[in-house]
Amino acid sequence: MLKPSYCLLLALLFSCHSLVAQDSLNNGLEAARNDTNKVMRYWEAGANILYQNGQVAMNYFRAGFALSQKLNYTSGMERCLNAISLAFSINSRYDSALAYINMAIPYAKKAGDTKRLTLAYINRADVLTNTSSYSAALKDCDTAIQYAEKLAGNSDALGRIYGIIAGIYTAQEQYGPAEVNIDKSLQYFLRTTNRRMVAQMLSDKADLYNILEQPAKAVPLLKEAIRIGDSLDDKENLAAYHTGLQESYARMNRFDESRKSAMRAINICEETGNELQAANIYCNLCDVEQKNKNYKLAIAYGEKAFRVYVSTHDTLRQQMVATNLAESYLADNNPEQAYKYLKLSKAFGESLMRKQFSEETTTLQTTFQVKEKDKAIQLLNKEKELQQQRLRQQWYMMIGVSMITLLVLAGAWLLFNRNKLRQRMKELELRNRIAADLHDEVGSSLSSIHMLSQMASQKASETAQHDILSRMSNNAKETMDKMGDIVWMIKPGETEAGSLVQRMEHFAYEVGTSKNIEVTVQLDELEKVKLSMEQRRNIYLIFKEALNNAAKYSGTKKIDITSSLKNRELQVMIKDEGNGFDHASTRKGNGLGNMSNRAAELGGKLEINSLMNEGTTVMLTLPV
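Heads up, the sequence shown is in this note's numbering, so the first residue is -18 and it goes up one at a time.
This is how it looks when you write it as C-alpha cells:
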C-alpha cells in the first residue's frame, strides 16, 4: 500500500519559515507582544512538536488562530487552520481534518497567496483520499496543479500532487495509472534537490510492485531508497524502507532475509527511540508469521507489539493486535489466551467509540472564541452529524470484526459439525419453500373453502347447497393432500409413504382408483439413487403435475410410470394412451411452465411428446 502523504505535506506546509529550537520558541512566548510575529511563533512551536505531542501542538495552533482573529491576520488564520487540519489527519481523524481545511481555503483565497492555495488544495486532496472521496480528491489535485504551474520552482509541489494521484488510483486498484503517476512524481522530484522524496517515491513504486505480486521488482527499488536514506541519515524513513524490504522478501518466501530486514528496521527504531514504529513492525511480523502458520513466533511478535501499544495507550492498535493474538493463540491450541484477547479486542472497540465522540465534541467546542459562537455552533452540529455517521460505521465494523473473530474461535467446533451446518442451511431454504407452498397452494384452497362456506350460509336452494358442500368437500380433500405433501417434504420418514418412490406409488394408485385408470408403476432404478431434499421435492412435484394432467385431460384408460438409470443420468417417464394434443399450438400455462422451471432447477430437462389420438409422454432427465 502506498504510504500516506502526511510527511510530504508537512514538509511543504512548513517550507515558508525555518523551524527553530523548541526551547527558543517557548521562551517568553506568552509575554511576547500580541502581533503577527507571535502568531508565527505559535505556529512554529506547534510544528516542532506535531509528531511528538499532537495535542500540545494543537493547542499552539489554536492559540495562533485565536490571536490571528483578534488581529484580523488572514494569512495567520489560514496557516493555523491548515496546521490543525494536518494534525487531525496525522491521527486519522479525517472528518475533523476536512472541516478545518475547508475553513482554511477561503482565507488562503482572501490572502491571494498562490503557494498557500496550492498547499491547501494538496492538503484537502490528501484528506479526501483518506475518506475514499476519490472524485473530489482528483478535482482538488487538478486545481492544485493549476496553481502550482503559476509558481516558479514548482517541481516539488507537482511531485507531491502526482504522488497523491498515484495513491488515489492505487486505492481504486487501477494499478496502471497509479504507476504512471508515481513515475511522473519521481521525475519531478529528480529535478529538485529533494533526495528524501526521491527515496520516498522509489519506496511507493516498490509498494505498488508488492501489491502486483512482483516483489522481485520491488527489491532493487527499496535497496536504492535505503542507499539514499543512509546518505541522508534519514532514520525515520529508513525504518519504513527496511520494513518494505521485509515485506518483499516475505512475498518471495525468503523468510530469513525478511526477518533480517525487519530486525534492521527495529534496530533503527530503537536508535531513534521510536518504540511505536518498532511495535508496528512487530505487528507486521506477527501477521506474516501467522499466515505462514508459525504461530509461536506470531505470538511472540504480537505480544511485543501489544506491550508497546499498552504503554502508549494506543487503543486502536491494541484492538488490532489483540484480534491477531486471539487467532494465533487459537491456532496454537491455547483457547484460554485466545478468549482473553478476544474480550480485550471487544473492550477496546467500545472504548474507542466513547473516546472519539468525546474528543470530537470538545475540539469543536473550543475552536472559536465567543464572538464566533454562531459559526462554532454550526460547525459543532455538522461535526456531531458526521460523528454519528462515523460511530454507526464503526459500530458496524466492530460487529463485523467480532463476528469474524467468533467464527475463528468456533472454527474447531465447526470442523466437526459441518454436516449440521449444511443441514441447517438446507432447513432454512426449505422453510422459505414451505412458506411459499403454504401461501400458493394451501392458502388458495382455504380461500376457496371460505368463499364456498359463505355461499352456503346464504339462502340458497337445497340443490345449490348440496353442490356447494360437495365442492367444499373436494377442496378440503385437496388441501389435506397438499398439507400431506408439505409434511412429507419436511420429514419423509414420518409419513406412510416415507420414500420418494413410496410417495409416488401412493399418489399414482390413488389417482388411478378415483379416475378408473389402470396405472402401472416401475420405479426400481429411481429407488437406487441418493437424492437431496430439493431434488426429491422437485421430482415429486413434476411427477404429480404430469400425472394429474394425464388423468384429467387425456381421456386415457392406462398410464405407465417408469424410471431408468444410464450414464449417470436418471430418467422418469409418465406415458398415457389418451387423446394427445398439438404441443406446438397449445398455450404454455402455469402447470407446464412450473414443470419446466423445476426441471431447470434440477439441472435437467423436461421433454413432452404428444401425438393426436396416440397419447402423451412426459420425460424428465437429470444428472445424478
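Positions of the beta carbon are idealized from the N, C-alpha and C atoms, including for glycine.
- prompt: When you compare each of LYS90, SER113, GLN153 to THR124 by their alpha carbons, which one comes out closest?
  reply: Reading the sequence shown from its first residue, position 143 is the one you call residue 124. The option with the nearest alpha carbon to THR124 is LYS90.
query: Per DSSP, what kind of secondary structure is ILE540 in: helix, strand or coil?
result: The sequence position of residue 540 within the sequence shown is 559, counting from 1. Three-state result, ILE540: strand.
- request: Could you please give the first and the last residue of the uninterrupted alpha helix (DSSP H) stretch that includes MET84?
  value: Translated into the one-based positions of the sequence shown, residue 84 becomes position 103. If you look at MET84, you'll find it in the alpha helix (DSSP H) that goes 75 to 92.
query: Among ASP313, ASN314, ALA328, LYS285, which has the Cα closest to the Cα of GLN300?
result: Sequence index remark: in the sequence shown, residue 300 carries index 319 (1-based). It is ALA328 whose Cα lies nearest to the Cα of GLN300.
field: Pick from TYR534, LYS216, ASN275 that is closest to SER591, judged by C-alpha positions
entry: As a working mapping, residue 591 is identified with position 610 in the sequence shown. Checking every option, the nearest Cα to that of SER591 belongs to TYR534.
- request: Determine, using beta carbons only, whether LEU193 and TYR156 come nearer to each other than 8 Å.
  value: Counted from its first residue, the sequence shown places residue 193 at position 212. Counted from its first residue, the sequence shown places residue 156 at position 175. Yes, the pair counts as a contact, with Cβ atoms nearer than the cut-off.
DSSP three-state assignment for ASN590, whether helix, strand or coil: Numbered from its first residue, the sequence shown carries residue 590 at position 609. Of the three classes helix, strand and coil, the one that applies to ASN590 here is strand, per DSSP.
message: Check this for me: beta carbons of ALA85 and SER66, under 8 Å apart or not?
response: Residue numbering aside, residue 85 sits at position 104 when the sequence shown is read from its first letter. Residue numbering aside, residue 66 sits at position 85 when the sequence shown is read from its first letter. Yes. Within cutoff.
- prompt: In this structure, does DSSP put ASP185 in helix, strand or coil?
  reply: Working through the sequence shown from its first residue, we reach residue 185 at position 204. The answer is helix: DSSP assigns ASP185 an H, G or I state.
message: Rounded to the nearest angstrom, what separates VAL302 and LYS511 at their Cα positions?
response: For the purposes of this step, residue 302 is taken as the residue at position 321 of the sequence shown. For the purposes of this step, residue 511 is taken as the residue at position 530 of the sequence shown. Rounded to whole angstroms, VAL302 to LYS511 spans 48 Å at the Cα level.
- prompt: With DSSP run on the structure shown, which of helix, strand or coil describes GLU252?
  reply: Residue numbering aside, residue 252 sits at position 271 when the sequence shown is read from its first letter. DSSP places GLU252 in helix when its eight states are reduced to three.
field: Residue closest to TYR282, alpha-carbon to alpha-carbon, out of HIS294, ALA259, LEU139
entry: Start at 1 with the first residue of the sequence shown, and residue 282 comes out as number 301. Cα-wise, what sits closest to TYR282 is ALA259.
task: Classify MET593 as buried or exposed, calling it buried when 16 or more other Cβ atoms lie within 10 Å of its own Cβ.
output: Here residue 593 refers to the residue found at position 612 of the sequence shown. Answer is exposed; the Cβ neighbour count stays below 16.
Proximity below 8 Å, CB of LEU573 to CB of GLN516: In the sequence shown, residue 573 corresponds to position 592, counting from 1. In the sequence shown, residue 516 corresponds to position 535, counting from 1. No. Outside cutoff.
- request: Can you tell me which of the three DSSP states ILE30 falls into?
  value: As a position in the sequence shown, residue 30 is number 49, starting the count at 1. Correct three-state label for ILE30: coil.
message: Does the region 485 to 505 come into contact with the region 522 to 540, if we say contact requires no fewer than three beta-carbon pairs (one atom in each stretch) closer than 8 Å?
response: Using a Cβ-Cβ distance cut-off of 8 Å, the region 485 to 505 and the region 522 to 540 are in contact, since at least three pairs of beta carbons, one from each stretch, lie closer than that value.
field: Three or more C-beta pairs below 8 Å linking the region 224 to 234 and the region 208 to 215
entry: no
- prompt: Where does the unbroken alpha helix (DSSP H) through THR110 begin, and where does it stop?
  reply: In the sequence shown, counting from the first residue as 1, residue 110 sits at position 129. Taken as a continuous stretch (DSSP letters only), the alpha helix (DSSP H) holding THR110 covers 95 to 111.
task: Starting from GLU228, trace the alpha helix (DSSP H) both ways and give me its first and last residue.
output: As a working mapping, residue 228 is identified with position 247 in the sequence shown. First-last of the alpha helix (DSSP H) with GLU228: 216 to 232.
- request: Check each candidate in ALA286, LEU546, LEU139 and name the one with the smallest Cα separation from VAL605.
  value: Sequence index remark: in the sequence shown, residue 605 carries index 624 (1-based). Measuring from the Cα of VAL605, the nearest candidate turns out to be LEU546.
query: Cα separation between LEU183 and ALA206?
result: Stepping through the sequence shown from its first residue, residue 183 is reached at position 202. Stepping through the sequence shown from its first residue, residue 206 is reached at position 225. Cα to Cα, the separation comes out at about 6 Å.
- request: Taking THR99 and ALA133 to be in contact with their CB atoms under 8 Å, please state how far apart those CB atoms are, rounded to whole angstroms.
  value: For this step, residue 99 is matched to residue 118 along the sequence shown. For this step, residue 133 is matched to residue 152 along the sequence shown. Not quite, the Cβ-Cβ distance comes to about 12 Å (not below 8 Å), so this is no contact.
- prompt: Can you give the beta carbon distance from ASP121 to TYR102, rounded, assuming they're within the 8 Å contact cut?
  reply: Position 140 of the sequence shown, counted from the start, is the residue given in the question as residue 121. Position 121 of the sequence shown, counted from the start, is the residue given in the question as residue 102. That pair is a contact at about 5 Å.
- request: Output the boundary residues of the beta strand (DSSP E) element that contains VAL553.
  value: Here residue 553 refers to the residue found at position 572 when the sequence shown is read from its first residue. First-last of the beta strand (DSSP E) with VAL553: 550 to 557.
- prompt: What does DSSP give as the partner residues of THR494 in its beta bridges?
  reply: For the purposes of this step, residue 494 is identified with residue 513 of the sequence shown, where counting begins at 1. Answer is none; THR494 lacks a bridge partner.
query: Going by other Cβ atoms of all chains shown within 10 Å of its Cβ, with 16 needed for buried, is GLN127 buried or exposed?
result: The residue given as residue 127 occupies position 146 in the sequence shown. Exposed, since its Cβ has fewer than 16 Cβ neighbours within 10 Å.
field: Local conformation of LYS525 per DSSP, three classes
entry: If you number the sequence shown from 1, residue 525 lands on position 544. Three-state result, LYS525: helix.
query: Considering only the beta carbon of each residue, do GLY561 and GLU588 sit closer than 8 Å?
result: Locating residue 561 in the sequence shown gives position 580, counting from the first residue. Locating residue 588 in the sequence shown gives position 607, counting from the first residue. Not closer than 8 Å, so no.
- prompt: Should ASP563 go down as buried or exposed, given a rule of 16 or more other Cβ atoms within 10 Å for buried?
  reply: Indexing the sequence shown from 1 puts residue 563 at position 582. Exposed.
- prompt: Looking at the structure shown, is LYS511 part of a helix, part of a strand, or coil, going by DSSP?
  reply: One-based indexing of the sequence shown puts residue 511 at position 530. If DSSP states are grouped into helix, strand and coil, LYS511 belongs with coil.
- prompt: Is VAL289 helix, strand or coil when you go by DSSP?
  reply: Locating residue 289 in the sequence shown gives position 308, where the first residue counts as 1. Reduced to three states, the DSSP call for VAL289 is helix.
query: With which residues is VAL20 paired in a DSSP beta bridge?
result: Sequence index remark: in the sequence shown, residue 20 carries index 39 (1-based). In DSSP, VAL20 forms no bridge with anything.
Euclidean distance between Cα positions of ILE498 and VAL553: One-based indexing of the sequence shown puts residue 498 at position 517. One-based indexing of the sequence shown puts residue 553 at position 572. Each residue's Cα considered, the two are about 20 Å apart.
task: Look up VAL605 in the DSSP assignment and say whether it is helix, strand or coil.
output: Taking the first residue of the sequence shown as 1, we reach residue 605 at position 624. In this structure, VAL605 counts as coil in the three-state DSSP scheme.
task: Grab me the residues of VAL37's own chain with a C-beta within less than 7 Å of its C-beta, minus the 5 sequence neighbours each way, in chain order.
output: The residue you call residue 37 lines up with position 56 of the sequence shown. Excluding residues within five positions, the ones whose Cβ falls inside 7 Å are ILE30.
ASN314: CB within 7 Å of a non-hydrogen atom of the ligand MN: Among the components of this structure there are no ligands whatsoever, and the ligand MN is therefore not found.
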